[in-house]
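Residue numbers for the sequence shown, in my numbering: 18 to 288. Glycine included, C-beta positions come from ideal geometry on N, C-alpha and C.
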Amino acid sequence: MNPIQVTFDSNVWESLVDLERLAAHPEAMSLGVVRKAIEDGQISPYFSDTLITLEAIRKTERADFLSGTRVTTTRTEVFEESPTTGASARISLEIAADFSHHPGQHEILIPLLSKAIDLGFKFIGTSRVGWLRAPDGMYKPQESNNHLLGYRIDRTCNAGRAFSERGLGEAHLRRLGDEAKEGREELRFVSPFIAAGSHPDQRAVARAIAELADGDALAAHYGHDHDVFCTLDFGRGAGRSSVLHIDHRAWLRAEFGMSIFTPSELAQHIS
18 MNPIQVTFDS NVWESLVDLE RLAAHPEAMS LGVVRKAIED GQISPYFSDT LITLEAIRKT
78 ERADFLSGTR VTTTRTEVFE ESPTTGASAR ISLEIAADFS HHPGQHEILI PLLSKAIDLG
138 FKFIGTSRVG WLRAPDGMYK PQESNNHLLG YRIDRTCNAG RAFSERGLGE AHLRRLGDEA
198 KEGREELRFV SPFIAAGSHP DQRAVARAIA ELADGDALAA HYGHDHDVFC TLDFGRGAGR
258 SSVLHIDHRA WLRAEFGMSI FTPSELAQHI S
């Protein structure tokens, strides 16, 4: 029997991998059942790469991080001469975002990540071009052929697009970026995700990054066709603008077949 593939939200995996946190958690018994299932190979655990690319940045520093991102261009010219076609030149231009100013992982997160990796956790992520990524070796192994790879990328993008069309997930950061670009010629060609860092409401930017992270986690979960998304987030703080709000659960189930469980529901499901 194949293991159940479960994507864990940050409000679950951090307590799941740390035994002291687990023992003090209100759902300690359920978390213990889930952890044992991981150790026994009954569950394959995953989490979203946004937890180290964006959520690891302090909320008060998130806007500064985005506004500090620079775009670099590298031009490469190769001249060739052939006795039959004569001289020719090949010119390529590489455009990339420079994220070298990323502050790194929070000191509290580093030991938790180590414990998660020891327990078998792998990262999953979206396919946003030119965006932040964790080191390649930390991800779920890539598909064995281009057909399966394309299938997963299409599913991920389709889910992300559907969330955005409903004003969820990345839509919040995109809106702030579009607002920041208004009347700013220097931001004309800048991605709204980067331009959002220049928005005057930095608290809104921090909240929007949190919503992007939730949307990316769910989109990647759907893209990889995982069985269960485990979370304790009901979107109460952000309200219905959160993709994880309880009011969106029926739509996520009907449209994408997503099973979103709490730890106790997951423990009951595997028992």
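Rounded C-beta distance between residue i and residue j? I'm assuming under 8 Å.
{"i": "H241", "j": "R169", "result": "6 Å"}
{"i": "A221", "j": "G194", "result": "The Cβ separation is near 11 Å, so there is no contact."}
{"i": "S47", "j": "P280", "result": "4 Å"}
{"i": "R192", "j": "F210", "result": "Not confirmed; about 11 Å, so no contact."}
With DSSP run on the structure shown, which of helix, strand or coil describes residue i?
{"i": "D242", "result": "coil"}
{"i": "R107", "result": "strand"}
{"i": "A114", "result": "strand"}
{"i": "K139", "result": "strand"}
{"i": "F180", "result": "helix"}
{"i": "Q22", "result": "strand"}
{"i": "F251", "result": "coil"}
{"i": "S65", "result": "strand"}
{"i": "T101", "result": "coil"}
{"i": "E94", "result": "strand"}
{"i": "V88", "result": "strand"}
{"i": "I277", "result": "strand"}
{"i": "I127", "result": "helix"}
{"i": "I134", "result": "helix"}
{"i": "I74", "result": "coil"}
Among the options, which one has its Cα closest to the Cα of residue i?
{"i": "Y63", "options": "R192, G256, K157, S99", "result": "K157"}
{"i": "A176", "options": "S144, D195, A73, V88", "result": "S144"}
{"i": "K76", "options": "D218, A271, H262", "result": "D218"}
{"i": "G186", "options": "R220, R270, C174", "result": "C174"}
{"i": "G254", "options": "L204, I263, A133", "result": "I263"}
{"i": "S208", "options": "W148, S181, P152, L235", "result": "W148"}
{"i": "P128", "options": "I21, R107, I69", "result": "I69"}
{"i": "D233", "options": "A73, A151, T67", "result": "T67"}
{"i": "R107", "options": "A114, F116, T93, T101", "result": "T93"}
{"i": "D35", "options": "L136, A267, L249, R87", "result": "L136"}
{"i": "N28", "options": "V260, I21, M18, H42", "result": "H42"}
{"i": "I125", "options": "R38, E98, A267", "result": "R38"}
{"i": "E72", "options": "D26, F273, R270", "result": "D26"}
{"i": "S131", "options": "E31, I112, A271", "result": "E31"}
{"i": "V245", "options": "N19, M18, V23", "result": "V23"}
{"i": "F278", "options": "F251, S258, G256", "result": "F251"}
{"i": "A223", "options": "I112, H189, V50, T91", "result": "H189"}
{"i": "L249", "options": "E98, E44, I112, I74", "result": "E44"}
{"i": "F138", "options": "R52, I287, H286", "result": "R52"}
{"i": "C247", "options": "G256, H286, W268, S105", "result": "H286"}
{"i": "M155", "options": "S161, E182, F140, H164", "result": "F140"}
{"i": "F206", "options": "L235, N19, A114", "result": "A114"}
Is it buried or exposed for residue i, if we count other Cβ within 10 angstroms and need 16 for buried?
{"i": "M275", "result": "buried"}
{"i": "L110", "result": "exposed"}
{"i": "A133", "result": "buried"}
{"i": "V146", "result": "exposed"}
{"i": "L33", "result": "buried"}
{"i": "V260", "result": "buried"}
{"i": "T101", "result": "exposed"}
{"i": "I55", "result": "buried"}
{"i": "K198", "result": "buried"}
{"i": "S215", "result": "buried"}
{"i": "F180", "result": "buried"}
{"i": "V88", "result": "exposed"}
{"i": "L283", "result": "buried"}
{"i": "H243", "result": "buried"}
{"i": "G142", "result": "buried"}
{"i": "T91", "result": "exposed"}
{"i": "H265", "result": "buried"}
{"i": "I112", "result": "exposed"}
{"i": "L269", "result": "buried"}
{"i": "A271", "result": "exposed"}
{"i": "A236", "result": "buried"}
Nearest chain D C-beta to residue i closer than 8 Å, yes or no?
{"i": "R192", "result": "The structure shown contains no chain D; it is built from a single protein chain."}
- Query: Can you find at least 3 beta carbon pairs, one from the segment 110–126 and one from the segment 74–82, that sit closer than 8 Å?
  - Reply: Three or more beta-carbon pairs drawn from the segment 110–126 and the segment 74–82 are found closer than 8 Å, and the two stretches are therefore classed as touching.
- Does the segment 45–64 come close enough to the segment 218–229 to have 3 or more Cβ pairs within less than 8 Å? Because the criterion of three Cβ pairs below 8 Å is not met, the segment 45–64 and the segment 218–229 do not touch.
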